[in-house]
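> Input: one structure, supplied below.
Protein chains in written order, with my numbering: chain A, -14 to 131; chain B, 163 to 298.
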């Protein structure tokens, strides 16, 4: 059982540079084709300052930067038992390659169901750019002690 | 972008995505930043009691977002949320569907709430969720 002491635990702030190459590769693997995700002149012609960042891009970067899997190990969570339960993105402003965003994540809740067989980890990430909120992510990770 | 009808009750065109491959999962892991070995390392997956690796939930949600960005210019997407209901195995082919449920007004902005489902072709639902978009 994950210790409830982790409720309220904050990680970050983590500063991320949104890089053109990464935006292009991520967009390509998900099958985006609109040139605004790939071609800087096309993005600018569309009125964007640089390549448009696709909607789910920050999720993986947050995992990578926050090193969430290390936290799981520390908390005694077996990565083989982890499932993504729910995800929500709240969009305030679009993001572009070249942006620097700051991420802060809070573990907002930890609870169990089915007599502890299922554990739920609720995390809230706020991403800001120049101190302005750009995206929020709310995640529920499920640990299934099969 | 051509105008998509977002009046309540509209069924958006179904989008069929190509089957997920191991290569795609490996690249997605690298490019997304989610390196969880359960999605890319068959040895790890088997040790965890699975027959094989399976896709990140965010693969399907990423596809869903891509489809949603064809309904409105991306900057009009206000909210994307979903519950992951089944795993997507290697070879699973996501199918994205959406139905406009209703219009709302939030902070003076007209919005459409779109109920979305991602299903595996010939299989179970993998995501049940909602996309909220600004109408103007």
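For each residue, glycine too, the CB sits at the ideal point set by N, CA and C.
Which residues, taken in chain order from the stretch 49 to 64 of chain A, show a beta carbon closer than 7 Å to some beta carbon of chain B?
Residues passing the 7 Å Cβ filter: 49, 54, 64.
> Taking the continuous beta strand (DSSP E) assigned at residue 91 of chain A, which residues delimit it?
In the first chain, the residue the question calls residue 91 of chain A occupies position 106. Segment 85 to 98, the beta strand (DSSP E) holding residue 91 of chain A.
> Measure the alpha-carbon distance for residue 95 of chain A versus residue -10 of chain A and round it to whole angstroms.
As a first step, residue 95 of chain A must be located in the first chain, where it is residue number 110. As a first step, residue -10 of chain A must be located in the first chain, where it is residue number 5. When rounded, the distance between both Cα atoms is 9 Å.
> Would you say residue 17 of chain A lies against chain B (beta-carbon separation less than 7 Å)?
The sequence position of residue 17 of chain A within the first chain is 32, counting from 1. Output row for residue 17 of chain A: interface = yes.
> Between the stretch 229 to 247 of chain B and chain A, which residues of the former have a C-beta closer than 8 Å to a C-beta of the latter?
If the cut-off is 8 Å between Cβ atoms, the stretch 229 to 247 of chain B has 230, 231, 236, 237, 239, 240, 241, 242, 243, 244, 245, 246 near chain A.
> Measuring only between beta-carbons, confirm whether residue 87 of chain A sits less than 7 Å from chain B.
Looking up residue 87 of chain A in the first chain gives position 102. So, not an interface residue.
> Under a Cβ-count criterion, where at least 16 other Cβ atoms within 10 Å of its own Cβ denotes burial, should residue 63 of chain A be classed as buried or exposed?
Position 78 of the first chain, counting from 1, holds the residue named residue 63 of chain A. When all chains shown are included, residue 63 of chain A counts as exposed.
> Expressed to the nearest angstrom, what Euclidean distance is found between the alpha-carbon atoms of residue 292 of chain B and residue 101 of chain A?
As a working mapping, residue 292 of chain B is identified with position 130 in the second chain. As a working mapping, residue 101 of chain A is identified with position 116 in the first chain. C-alpha separation (whole angstroms): 29 Å.
> May I ask you to report which of helix, strand or coil DSSP gives residue 66 of chain A?
Here residue 66 of chain A refers to the residue found at position 81 when the first chain is read from its first residue. Helix, per DSSP.
> Per DSSP, what kind of secondary structure is residue -4 of chain A in: helix, strand or coil?
Looking up residue -4 of chain A in the first chain gives position 11. Residue -4 of chain A falls in the strand class under three-state DSSP.
> Which same chain residues end up closer than 7 Å to residue 111 of chain A when comparing Cβ atoms and leaving out the 5 residues on each side of it in sequence?
Position 126 of the first chain, counted from the start, is the residue given in the question as residue 111 of chain A. Excluding residues within five positions, the ones whose Cβ falls inside 7 Å are 89, 118, 121.
> My assumption, with CB atoms under 8 Å, is that residue 8 of chain A sits in contact with residue 82 of chain A. Please give the rounded CB distance.
Numbered from its first residue, the first chain carries residue 8 of chain A at position 23. Numbered from its first residue, the first chain carries residue 82 of chain A at position 97. Going by Cβ atoms, the distance from residue 8 of chain A to residue 82 of chain A rounds to 5 Å, so yes, they are a contact pair.
> Ordered along the chain, which non-local residues of its own chain (more than five positions away) have a Cβ less than 7 Å from that of residue 214 of chain B?
Position 52 of the second chain, counted from the start, is the residue given in the question as residue 214 of chain B. Excluding sequence neighbours, residue 214 of chain B sits near 204, 207, 251, 252.
> Using C-beta distances below 6 Å, list every residue in its chain close to residue 184 of chain B, excluding the 5 sequence neighbours before and after it, in chain order.
Within the second chain, the letter at position 22 stands for residue 184 of chain B. Contacts found: 252.
> With residue 220 of chain B as the anchor, note down where its alpha helix (DSSP H) starts and where it stops.
As a first step, residue 220 of chain B is located in the second chain; it is residue number 58 there, counting from the start. Start and end: 219 to 233.
> Quick one: which chain B residues come within Cβ less than 7 Å of residue 14 of chain A?
Here residue 14 of chain A is taken as the residue at index 29 of the first chain, counted from 1. Ordered by position in chain B, the residues that pass the 7 Å Cβ test against residue 14 of chain A are 186, 189, 190, 193.
> For the stretch 3 to 23 of chain A and the stretch 67 to 82 of chain A, state whether three or more C-beta atom pairs, one from each stretch, are separated by less than 8 Å.
Enough Cβ pairs lie closer than 8 Å, so yes.
> Against chain B, with Cβ distances strictly below 7 Å, would residue 69 of chain A count as a contact?
Along the first chain, one-based indexing puts residue 69 of chain A at 84. Yes, because at least one Cβ of chain B sits closer than 7 Å to the Cβ of residue 69 of chain A.
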